[in-house]
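Residue numbers (my numbering): 1 to 264. Every residue gets a Cβ at the ideal spot worked out from N, C-alpha and C, and that includes glycine.
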Amino acid sequence: MFMLPILYRDPELIAIHKPSNLLVHKTDLDFFETEFALQKLRDQIGQHVYPIHRLDKATSGALLFALNSDMARLMGEAFSERRVDKSYLALVRGWADESGLIEHALSVRQDDVDPRSNIDHKAPQEAATHYRSLAQFTLNWEVERYPTSRYALLALNPITGRRHQIRRHLKHISHPIIGDSTYGKGRHNRAFAEAFEVDRLLLACTGLDFIHPRTQQKIELRCPLAGDFAHVIAQLDGLDALRKAGMTWDEPTITTPRNRTIWV
């Protein structure tokens, strides 16, 4: 059985490195899926775990669970009250500004709330995401109407926690994430999948910082970049940018680039 890498564990909390294309828990949105992080972790450690937050199925990275219902409640409040600092990394289409703050309200998705609640499904909710550019790349391929194509590696910190917030915000500023089949650009997604043999959303949660509700100690969870994501960054010659940003990564899982991966 595949073992989920454990990033952190104490008597009441446990954090794992969730791989891409694994659901956090069972949902009607992916009715035919049979594997879920919650059940896999429960079986792996031999005790019940309680989901505190979620990552999209396609997103990899740090995922935190509670080991009892009281801690799940306390950490749930910390997330909802914005007392958890979240860090992400994404490879996007185009060259973004050196840094910026995306403030763009997002509508509530119908599957996010209980239909019996008083939440107005049509009213957009405030949403804010800070980003900074770590590296920029130009590839010598004509994906659209230009002879070359530009991409950027972004570090992101979502201030609020809306559904698909980072993905929707980056689409809003015309820098969609590579591999995003919902909000991205199909031609660029297919080009990367063909060139790098990596067919996934290039978005990862790289860190969670918070005050432990029980011990009052500062917890700084850091998650290495998954090997398939690191492979793409390595072929773009972007690992130095990760080092400068203090990030780590698993060994790249693919070491032979396809001949289309040419950069300038």
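Compute the distance between the beta-carbons of residue 207 and residue 222, then report whether it is under 8 Å.
yes
For the 8 Å Cβ check, are there 3 or more pairs between the stretch 133 to 148 and the stretch 185 to 195?
yes
For residue 80 versus residue 20, is the C-beta distance shorter than 8 Å?
no
Please list the terminal residues of the continuous beta strand (DSSP E) segment that includes residue 81.
Per DSSP, residue 81 belongs to no beta strand (DSSP E) and is neither H nor E.
With H, G and I counted as helix, E and B as strand and the rest as coil, what does DSSP make of residue 47?
coil
Can you check whether the CB of residue 67 is closer than 8 Å to the CB of residue 53?
no
Excluding five sequence neighbours on each side, which residues of the same chain lie with their C-beta closer than 8 Å to the C-beta of residue 11?
67
State the Cα-Cα distance for the pair residue 85 and residue 145, rounded to the nearest angstrom.
39 Å
Rounded to a whole number of angstroms, what is the C-alpha to C-alpha distance between residue 247 and residue 89?
10 Å
Spatial neighbours of residue 181 within its chain, please: C-beta separation below 7 Å, excluding the five flanking residues on both sides.
189
Would residue 186 be called buried (16 or more neighbouring beta carbons within 10 Å of its own) or exposed?
exposed
The beta strand (DSSP E) enclosing residue 161, as first and last residue numbers:
Element bounds for residue 161: n/a, residue is neither H nor E.
Cβ neighbour criterion (16 or more within 10 Å) applied to residue 253:
exposed
Output the residue ranges of the beta strand (DSSP E) runs that lie fully inside the stretch 134 to 219 and measure 3 residues or longer, sorted by chain position.
149 to 158, 203 to 211
Separation of residue 108 from residue 203, as counted between CA atoms:
22 Å
Same chain only: Cβ atoms within 8 Å of residue 126, ignoring 5 sequence neighbours per side:
103, 105, 160
List the endpoints of the continuous alpha helix (DSSP H) containing residue 227.
227 to 235
What would DSSP say about residue 54, mapped onto helix, strand or coil?
coil
If you draw a straight line from the alpha carbon of residue 69 to that of residue 50, how long is it in whole angstroms?
7 Å
Segment limits, alpha helix (DSSP H) that includes residue 242:
239 to 244
Residues in its own chain within less than 6 Å of residue 150 by CB, not counting five upstream and five downstream?
94, 95, 138
Starting from the C-beta of residue 41, find all residues in its chain whose C-beta is less than 8 Å away, skip the five residues before and the five after it, and write them out in chain order.
4, 14, 16, 49, 65
Going by DSSP, what residue range makes up the beta strand (DSSP E) through residue 254?
From DSSP, residue 254 is part of no beta strand (DSSP E); its letter is neither H nor E.
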